[in-house]
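**Student:**
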Amino acid sequence: MYSRRILGVFYISYCILQLTTAAETSAQMQPPRFSMQPSSLNSIVREGTTKILQCSAVGIPQPIYRWLKNGVPLGEFSSELFYKIHNTQRQDAGAYQCIAKNDVGAIFSEKNNIVVAYMGVFENNIEQEVTVESGKAAILNFPHIESEPPPSVIWQDENGENGVLRYDQKYAITDKHQLVILCASKEDVRSYRARAINTQLGKVENSPYIKLNVYGDDNKEIAPEIIIKPQDTKIIKGQEYRNIFCIANARPLHELETLWFKDGILIDLAGITYDLNDQWNRTLSLISANLTHTGQYTCQARLKTGGFATVTASATVTVYEKPTMLSNLKSETYGEFGSTIVLECNVEGIPLPSITWYKDAKKIASVGAGAGEADNSDVDDGAGRYRVEVDRSLIISDLKMEDMGIYQCIASNEAGESSIYTWLKIKTRNSIRTPRSHMKLIRMRTSDKKTKSFRFDTGSKENHLMYFCTL
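Going letter by letter, the sequence shown gives residues -22 to -1, 1 to 449 in mature numbering (1 follows the signal peptide of the UniProt record, and there is no 0).
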């Protein structure tokens, strides 16, 4: 209220009112949107060091954050952007993510899988012995040692140069770090050991020695036999490489050859990217995996000179594909009070992803392989108004004002996760668009200062409001 005396008798009074509609308040709010999420880069952390995770989102009001590990909250919501893991221990390994929340709603960030690097020691220090018939293959198992990530392994013998086994057709290493000595003879009788190296820590541990004993005739011919067969393998699309092993034995060993086939076609003609890691074709590397790598792989071992039957072994390779959303949700979705709305979550992937719908980071329901029989909801939807269909869409019936919030669909399979979300707003049937705000100036002349009432337009032709000013 402002007053000004004019000619000593009258007052000119001004009553300035600013009217802000509810629609304007809603329009000013913005849901959380991540500008920085926990990064999967540098997710390997050395034991005893500090790991810092960061989560940052924009929105109006400014979002606050809560951190989760394997889905379990690590504290309350706060404005802190960082989560610090001090003196990292093995039990700190897991999947970390954050929730960003403001007055509009809440959403989940992506996950960051933290791996804590450590290495123990070989617990059994007693020398072992392995005995094998001459001409057969001797398999020396890699002694157990705790290590994360799994160690690189080099096998040594007591006579080798610098302790390292020479590069020879006689020696092969499996994916389990076993040493396979092919066509064993009395010349191979000695002790062997494994050297384990954790490349993240730069730590090296030597296993106890394993002594090999060989008996029998060193000149006896041995029929081809596949000692280490290829195993069924699952690969994630885009994976840099994946090795498949086929280690065969025979005597004479130099006459042994190994061939690879995919779906019955010689590997050279199969139209895939691959490599053979040694000149004896014992390790097939599938490179830059894509869906064409899916199929049955067969290795065939035979003697070039014949005389024995050809032997084969097969394995199935399946390429998995991370969930991909086929369509996106609008950033804002409008629903009419009392009506029914459908939110779609069209997703593809191999295997077919399971999905979970959330409202403001609280679970509604799941569909797919990941959904349990007792699929408990964290959202009280009021007598089953929320329903997730087989096609993975979310149906909300009889919309109410409390249904407003952020709805997020998270799809997951063995290859990864993907998500989409929308801000659901509810409008009434009789809602009328009004100007965002109005500034009204009331001017009059009076000699008293009593309360006066005035009717003035708020911008709607159908509605008027009564306001009071002291003059």
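Beta carbons are placed, not taken as given, at the ideal position from N, Cα and C, and that holds for glycine.
Under three-state DSSP, which class holds R11?
**Tutor:** Taking the sequence shown and counting its residues from 1, the one referred to as residue 11 is at position 33. Three-state result, R11: strand.
**Student:** Cα-Cα, which of R363, L160, W133, E322 is closest to Q147?
**Tutor:** Here residue 147 corresponds to residue number 169 of the sequence shown, with the count starting at 1. It is L160.
**Student:** Beta-carbon within less than 6 Å of V182's beta-carbon, same chain only, minus the 5 sequence neighbours each way: which residues are those?
**Tutor:** Along the sequence shown, one-based indexing puts residue 182 at 204. Once the five neighbours on either side are set aside, the close Cβ partners of V182 are I175.
**Student:** Provide the residue span of the beta strand (DSSP E) that contains T329, from first to last.
**Tutor:** Here residue 329 corresponds to residue number 351 of the sequence shown, with the count starting at 1. Reading off the sequence, residue 329 comes out as Pro, not Thr. Segment: none, P329 is in no beta strand (DSSP E) and carries neither H nor E.
**Student:** If you draw a straight line from the alpha carbon of S371 to that of A361, how long is it in whole angstroms?
**Tutor:** For the purposes of this step, residue 371 is identified with residue 393 of the sequence shown, where counting begins at 1. For the purposes of this step, residue 361 is identified with residue 383 of the sequence shown, where counting begins at 1. Approximately 19 Å, taken between the alpha carbons.
**Student:** Measuring straight from C-alpha to C-alpha, what distance separates G72 and R44?
**Tutor:** Here residue 72 refers to the residue found at position 94 when the sequence shown is read from its first residue. Here residue 44 refers to the residue found at position 66 when the sequence shown is read from its first residue. When rounded, the distance between both Cα atoms is 16 Å.
**Student:** Can you tell me which of D196, Q134, T272, E111 puts its alpha carbon nearest to the alpha carbon of V297?
**Tutor:** Here residue 297 is taken as the residue at index 319 of the sequence shown, counted from 1. Checking every option, the nearest Cα to that of V297 belongs to T272.
**Student:** Whole angstroms are fine: how far does the CA of V366 sit from the CA of E351?
**Tutor:** Against the sequence shown, residue 351 aligns to sequence position 373. Against the sequence shown, residue 366 aligns to sequence position 388. Annotation note: pLDDT 49 at E351 (below 50); position unreliable, coordinate value reported separately. About 14 Å.
**Student:** With a threshold of 8 Å between beta carbons, is L254 in contact with chain D?
**Tutor:** Within the model displayed, chain D is absent; a lone protein chain is all it includes.
**Student:** Tell me, please, which residues DSSP counts as bridged to I214.
**Tutor:** Mapped onto the sequence shown, residue 214 falls at position 236. Y298, per the DSSP bridge assignment.
**Student:** Specify, as a first and last residue, the run of the beta strand (DSSP E) that M379 falls within.
**Tutor:** Along the sequence shown, one-based indexing puts residue 379 at 401. Careful: M379 lies outside any beta strand (DSSP E) and carries neither H nor E.
**Student:** Answer with buried or exposed for L269, where buried requires no fewer than 16 other C-beta atoms within 10 angstroms of its C-beta.
**Tutor:** Here residue 269 refers to the residue found at position 291 when the sequence shown is read from its first residue. The residue is exposed, with fewer than 16 neighbouring Cβ atoms inside 10 Å.
**Student:** May I ask which residues mark the beginning and end of the beta strand (DSSP E) holding E395?
**Tutor:** Walking along the sequence shown from the start, residue 395 turns up at place 417. Start and end: 394 to 405.
**Student:** If we count the other Cβ atoms within 10 Å of its Cβ and call it buried at 16 or more, is residue 476 buried or exposed?
**Tutor:** Past the edges of the chain, shown from -22 to 449, lies residue 476, and the structure says nothing about it.
**Student:** Please determine if the segment 248 to 262 and the segment 229 to 237 are in contact, where contact requires at least 3 C-beta pairs separated by less than 8 Å.
**Tutor:** Contact between the segment 248 to 262 and the segment 229 to 237 is present, because at least three Cβ pairs lie under 8 Å.
**Student:** Tell me which residues share the same chain as G194 and place their Cβ nearer than 8 Å to its Cβ, disregarding the 5 neighbours each side in the sequence.
**Tutor:** Counting from 1 along the sequence shown, the entry for residue 194 is found at position 216. Cβ neighbours of G194 beyond the five flanking positions: E111, S112, G113.
**Student:** Who are the near neighbours of G249 in its chain, counting only those whose CB is closer than 7 Å to its CB and skipping five residues on each side?
**Tutor:** Reading the sequence shown from its first residue, position 271 is the one you call residue 249. T270.
**Student:** If you count every other CB in all the chains shown that lies within 10 Å of the CB of E326, and 16 or more means buried, which is it?
**Tutor:** In the sequence shown, the residue the question calls residue 326 occupies position 348. With fewer than 16 other Cβ atoms within 10 Å, it is exposed.
**Student:** Three Cβ pairs or more, each shorter than 8 Å: is that satisfied between the segment 199 to 216 and the segment 122 to 137?
**Tutor:** Short answer: they don't touch.
**Student:** Taking 8 Å as the cut-off, decide whether the C-beta atoms of V357 and I342 are in contact.
**Tutor:** Translated into positions along the sequence shown, residue 357 becomes position 379. Translated into positions along the sequence shown, residue 342 becomes position 364. Going by C-beta atoms, V357 is nearer than 8 Å to I342.
**Student:** In its own chain, which residues sit with a C-beta less than 8 Å from the C-beta of G346, not counting the 5 before and 5 after it?
**Tutor:** For the purposes of this step, residue 346 is identified with residue 368 of the sequence shown, where counting begins at 1. Only L330, P331, S332, I333, R370 meet the Cβ criterion.
**Student:** Tell me whether the beta-carbon of L377 lies closer than 8 Å to the beta-carbon of G313.
**Tutor:** The sequence position of residue 377 within the sequence shown is 399, counting from 1. The sequence position of residue 313 within the sequence shown is 335, counting from 1. Contact flag set, yes.
**Student:** In chain order, what residues of the same chain lie with their CB nearer than 6 Å to the CB of T290, ignoring the 5 residues before and after it?
**Tutor:** Here residue 290 refers to the residue found at position 312 of the sequence shown. So the list reads T276, Q278, once near-sequence residues are dropped.
**Student:** Can you name the start and end residues of the beta strand (DSSP E) that P202 belongs to?
**Tutor:** As a position in the sequence shown, residue 202 is number 224, starting the count at 1. Note, P202: beta strand (DSSP E), 200 to 206.
**Student:** Between which two residues does the beta strand (DSSP E) holding W238 run?
**Tutor:** As a first step, residue 238 is located in the sequence shown; it is residue number 260 there, counting from the start. Unbroken beta strand (DSSP E) run through W238: 234 to 240.
**Student:** When you compare only the Cα positions, how much space is there between D241 and Q274?
**Tutor:** In the sequence shown, residue 241 corresponds to position 263, counting from 1. In the sequence shown, residue 274 corresponds to position 296, counting from 1. When rounded, the distance between both Cα atoms is 5 Å.
**Student:** Out of curiosity, what's the CA-to-CA distance linking N221 and I85?
**Tutor:** The residue you call residue 221 lines up with position 243 of the sequence shown. The residue you call residue 85 lines up with position 107 of the sequence shown. Going from the Cα of N221 to the Cα of I85 covers about 39 Å.
**Student:** Checking the sheet assignment: what are the DSSP bridge partners for W45?
**Tutor:** Stepping through the sequence shown from its first residue, residue 45 is reached at position 67. In DSSP, W45 forms a bridge with C76.
**Student:** Measure the C-alpha to C-alpha separation of I151 and P9 and round it to an integer number of angstroms.
**Tutor:** As a first step, residue 151 is located in the sequence shown; it is residue number 173 there, counting from the start. As a first step, residue 9 is located in the sequence shown; it is residue number 31 there, counting from the start. If I take the Cα positions, the gap works out to 54 Å.
**Student:** Alpha carbon to alpha carbon, what distance is there between I63 and D70?
**Tutor:** As a first step, residue 70 is located in the sequence shown; it is residue number 92 there, counting from the start. As a first step, residue 63 is located in the sequence shown; it is residue number 85 there, counting from the start. Their backbone Cα atoms lie some 8 Å apart in a straight line.
**Student:** Quick check: what's the CA-CA separation for K405 versus F315?
**Tutor:** Reading the sequence shown from its first residue, position 427 is the one you call residue 405. Reading the sequence shown from its first residue, position 337 is the one you call residue 315. Cα to Cα, the separation comes out at about 6 Å.
**Student:** Mapping the DSSP letters down to three states, classify T152 as helix, strand or coil.
**Tutor:** As a working mapping, residue 152 is identified with position 174 in the sequence shown. Three-state DSSP puts T152 in coil, outside helix and strand.
**Student:** Might you give, ordered along the chain, the residues of its own chain that have their beta carbon closer than 8 Å to the beta carbon of residue 480, omitting 5 neighbours on each side?
**Tutor:** No statement about residue 480 is possible, as the shown extent of the chain runs from -22 to 449 and does not include it.
**Student:** Expressed to the nearest angstrom, what Euclidean distance is found between the alpha-carbon atoms of N197 and A226?
**Tutor:** Residue mapping note: residue 197 aligns to position 219 of the sequence shown, counting from 1. Residue mapping note: residue 226 aligns to position 248 of the sequence shown, counting from 1. So the alpha carbons of these two residues sit roughly 19 Å apart.
**Student:** May I ask you to report which of helix, strand or coil DSSP gives L59?
**Tutor:** One-based indexing of the sequence shown puts residue 59 at position 81. Three-state result, L59: coil.
**Student:** Between V82, N80, G83, F60, which lies nearest to L74 when the distance is taken from Cα to Cα?
**Tutor:** Here residue 74 is taken as the residue at index 96 of the sequence shown, counted from 1. Per the sequence presented here, residue 74 reads as Tyr, with Leu not at that position. Closest by alpha carbon: F60.
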